[in-house]
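S.K.: Just so we're aligned, residue 1 is where the sequence shown starts under full-length UniProt numbering, counting upward by one. Could you have a look at this structure, given as structure tokens, before my questions?
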Amino acid sequence: MSSRDLSQDQRDQLAKLAELPDSEIDILEIPEAPAENWAQARREQEKRRSQARRFS
Numbered sequence: 001m002s003s004r005d006l007s008q009d010q011r012d013q014l015a016k017l018a019e020l021p022d023s024e025i026d027i028l029e030i031p032e033a034p035a036e037n038w039a040q041a042r043r044e045q046e047k048r049r050s051q052a053r054r055f056s
């Protein structure tokens, strides 16, 4: 979704949210990600190394 797809009101709301300090964002009700979400996770550095091997 691009910013062109958003109404002016939605863009204004996002701008207000972007200005909030992290300390004011309530994250207590966000569920923890299940372990299977992380099964294939790699650090960015590891991804670059594996890509470099493919091109060598």
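Where a beta carbon is used, it is the ideal one built from N, C-alpha and C, also for glycine.
Since Ala18 is in the alpha helix (DSSP H), which residue starts that stretch and which ends it?
M.R.: 8 to 19
S.K.: From Ser7 to Leu28, what distance separates their C-alpha atoms?
M.R.: Going by the C-alpha atoms only, they are around 29 angstroms apart.
S.K.: Just the C-alpha distance for Arg43 and Ser23, rounded to the nearest angstrom, thanks.
M.R.: 27 angstroms
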